[in-house]
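Colleague:
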Amino acid sequence: MAPTDGELVEAVRRGRREAYDELVRRHAARIGAACWSRLGRRGPVEDMVQETFLRGYRAIGTLAEPEKIGSWLYGIAVRTCLDWLKAKERSQVSLDSPGPGGAAADPSDGRLPSPAEDREGNAKLLSEVEALPEIYRETLVMFYFRKQTYREMSAVLGITPAAINARLAKARAILRERLGGAATP
19 MAPTDGELVE
29 AVRRGRREAY
39 DELVRRHAAR
49 IGAACWSRLG
59 RRGPVEDMVQ
69 ETFLRGYRAI
79 GTLAEPEKIG
89 SWLYGIAVRT
99 CLDWLKAKER
109 SQVSLDSPGP
119 GGAAADPSDG
129 RLPSPAEDRE
139 GNAKLLSEVE
149 ALPEIYRETL
159 VMFYFRKQTY
169 REMSAVLGIT
179 PAAINARLAK
189 ARAILRERLG
199 GAATP
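Sequential numbering from 19 applies to the sequence shown in my numbering.
So, in structure tokens, the structure goes:
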């Protein structure tokens with residue numbers, strides 16, 4: 019029988035690094051979904067996932083309830099992404115301001131692929147998914163992109179399956195409206 023998350027946390031605290039590797043394997047998809055839902059194509063999702071697990075490893079001694087490491091790591095992921103977004107925001111340059119040498123800044127922020135790289139419909143859909151309010155985007159990403167069940171999502175988000183269903187319905191309605199009735203996920 020496989021060890022529980024709580025048992026693995028205790029093993030890590032006793033110095034067994036391979037136990038943390040197992041925790042990473044178990045929770046990588048959820049942490050990735052959390053980071054992607056906050057950053058989308060705007061940020062270094064893989065870097066934020068790695069940073070989350072690094073912060074978790076360093077602070078594992080502070081975890082009060084070892085069996086709840088999934089939720090704890092989720093919280094770390096959220097804070098890690100918010101930290102990155104805040105740092106990015108501080109370093110942004112207005113598109114209206116002159117760039118180096120007095121030239122206007124490049125309006126391309128890298129959020130969407132060029133039409134030559136991607137079909138226009140998919141680019142528009144991804145853009146609208148990224149523009150959703152965070153609670154709807156997060157739920158949509160977990161369900162459609164990470165293929166998580168309502169039960170898995172409920173455990174990660176700390177809400178009922180009914181609330182998840184309501185969020186998905188609202189996200190679909192928003193996308194349907196924005197895309198002019200076009201097919202949504």
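C-beta atoms are modelled at their ideal positions from N, C-alpha and C, and glycine is treated no differently.
The structure presented is a predicted model; accordingly, all values stated were derived computationally and were not measured.
1. Are the beta-carbon atoms belonging to Met171 and Phe161 less than 8 Å from one another?
2. Given that a residue counts as buried once 16 or more other Cβ atoms are within 10 Å of its Cβ, and exposed if not, what is Gly33?
3. Using only alpha-carbon positions, find the residue among Leu158, Arg31 and Leu41 that is nearest to Ala20.
4. With a cut-off of 8 Å, do at least 3 Cβ pairs link the region 170 to 189 to the region 68 to 82?
5. CA-CA distance, Thr80 and Leu91?
6. Indicate whether Gly50 and Val67 have their beta-carbon atoms separated by less than 8 Å.
7. Confirm, please, whether the CB-CB distance from Ala52 to Ala95 is below 8 Å.
8. How would you write the range of the alpha helix (DSSP H) that Gly50 sits in, first residue to last?
9. Return the first residue and the last residue of the alpha helix (DSSP H) that Leu72 is part of.
10. Only counting the same chain, and skipping five residues up and downstream in sequence, which positions put a Cβ closer than 8 Å to that of Ala169?
11. Applying the criterion that 16 or more other CB atoms from any shown protein chain within 10 Å of the CB defines a buried residue, is Arg35 buried or exposed?
12. Is it true that the CB of Asp23 sits closer than 8 Å to the CB of Arg44?
13. Less than 8 Å between the CB atoms is what I'm expecting for Arg56 and Cys99, so what's the real figure, rounded?
14. Verify whether the separation of the beta carbon atoms of Leu197 and Glu146 is less than 8 Å.
15. Give me the Cα-Cα distance between Lys142 and Leu72, rounded to the nearest whole angstrom.
16. Distance check for Leu144 and Leu150, CA to CA, integer angstroms please.
Modeller: In terms of the structure at hand:
1. In the sequence shown, counting from the first residue as 1, residue 171 sits at position 153. In the sequence shown, counting from the first residue as 1, residue 161 sits at position 143. Cβ distance < 8 Å, so Met171 and Phe161 count as in contact.
2. Locating residue 33 in the sequence shown gives position 15, counting from the first residue. Gly33 is exposed by the Cβ-count criterion.
3. For the purposes of this step, residue 20 is taken as residue 2 along the sequence shown, with counting starting at 1. Of the listed residues, the one whose Cα sits closest to Ala20 is Leu41.
4. no
5. Locating residue 80 in the sequence shown gives position 62, where the first residue counts as 1. Locating residue 91 in the sequence shown gives position 73, where the first residue counts as 1. Distance between the alpha carbons of Thr80 and Leu91: 12 Å.
6. Position 32 of the sequence shown, counted from the first residue, corresponds to residue 50. Position 49 of the sequence shown, counted from the first residue, corresponds to residue 67. Cβ atoms of Gly50 and Val67: closer than 8 Å.
7. The count along the sequence shown starts at 1 and reaches residue 95 at position 77. The count along the sequence shown starts at 1 and reaches residue 52 at position 34. Yes.
8. Start at 1 with the first residue of the sequence shown, and residue 50 comes out as number 32. Looking at the DSSP string, the run of the alpha helix (DSSP H) that includes Gly50 is Arg35 to Leu57.
9. Here residue 72 refers to the residue found at position 54 when the sequence shown is read from its first residue. Residues Val63 to Arg76.
10. For the purposes of this step, residue 169 is identified with residue 151 of the sequence shown, where counting begins at 1. The amino acid occupying residue 169 in the given sequence is Arg; Ala does not appear at that position. Once the five neighbours on either side are set aside, the close Cβ partners of Arg169 are Pro179.
11. In the sequence shown, counting from the first residue as 1, residue 35 sits at position 17. The residue is exposed, with fewer than 16 neighbouring Cβ atoms inside 10 Å.
12. Along the sequence shown, one-based indexing puts residue 44 at 26. Along the sequence shown, one-based indexing puts residue 23 at 5. Yes; because the gap between Cβ atoms is below 8 Å, this pair is in contact.
13. The residue you call residue 56 lines up with position 38 of the sequence shown. The residue you call residue 99 lines up with position 81 of the sequence shown. With a Cβ gap of about 4 Å, Arg56 and Cys99 count as contacting.
14. Within the sequence shown, residue 197 is the residue found at index 179, counting from 1. Within the sequence shown, residue 146 is the residue found at index 128, counting from 1. For Leu197 and Glu146, yes; Cβs fall inside 8 Å.
15. Locating residue 142 in the sequence shown gives position 124, where the first residue counts as 1. Locating residue 72 in the sequence shown gives position 54, where the first residue counts as 1. Each residue's alpha carbon lies about 34 Å from the other.
16. Taking the sequence shown and counting its residues from 1, one reaches residue 150 at position 132. Taking the sequence shown and counting its residues from 1, one reaches residue 144 at position 126. Answer to the nearest angstrom: the Cα atoms are 10 Å apart.
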